[in-house]
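A.B. asks:
Numbering (the numbering used here), first residue to last: 1 to 113.
Structure follows, in structure tokens:
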């Protein structure tokens, strides 16, 4: 996935590094066991149109890429383009990824039921 604005292009990858970082940020310990809630938490928040989660997901997806995306770029991008299509794009990318696709699809099915 790429975001372009003002002749700047930023790549976002939803691979294994993305999954590891999301799980690190969204995990809890219960009874000595680590529960990795990353994909579930971000998909839930994205479905609720939480812009803070949207920015966090995009920044993490861009962490391994160059150039690096900034919050300022995302703020300007949203001001110019809105968030509706951006939420849809991110959810589509999460569905396509080998690392997040199955869980994302299951959560979307449950949300529609």
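The beta-carbon is built from N, C-alpha and C at its ideal position, and this holds for glycine as well.
Have a look at the DSSP bridge pairing and note the partners of residue 28.
C.D. replies: Position 28 of the chain shown, counted from the start, is the residue given in the question as residue 28. Bridge partners of residue 28: 35.
A.B. asks: How many Å lie between residue 76 and residue 31 at the Cα?
C.D. replies: Numbered from 1 along the chain shown, position 76 holds the residue referred to as residue 76. Numbered from 1 along the chain shown, position 31 holds the residue referred to as residue 31. Roughly 44 Å between the two C-alpha positions.
A.B. asks: Would you kindly check if the distance between the Cβ of residue 14 and the Cβ of residue 3 is under 9 Å?
C.D. replies: The residue labelled residue 3 in the question sits at position 3 within the chain shown. The residue labelled residue 14 in the question sits at position 14 within the chain shown. No, these two residues do not count as a Cβ contact at 9 Å.
A.B. asks: How long is the line joining the alpha carbons of residue 71 and residue 65, rounded to whole angstroms?
C.D. replies: One-based indexing of the chain shown puts residue 71 at position 71. One-based indexing of the chain shown puts residue 65 at position 65. Taking the straight line joining both Cα atoms gives about 15 Å.
A.B. asks: Roughly how many whole angstroms lie between the Cα atoms of residue 5 and residue 56?
C.D. replies: For the purposes of this step, residue 5 is taken as residue 5 along the chain shown, with counting starting at 1. For the purposes of this step, residue 56 is taken as residue 56 along the chain shown, with counting starting at 1. When rounded, the distance between both Cα atoms is 19 Å.
A.B. asks: If you reduce the DSSP assignment to three classes, tell me which class residue 3 lands in.
C.D. replies: As a working note, residue 3 is residue 3 in the chain shown. Three-state result, residue 3: strand.
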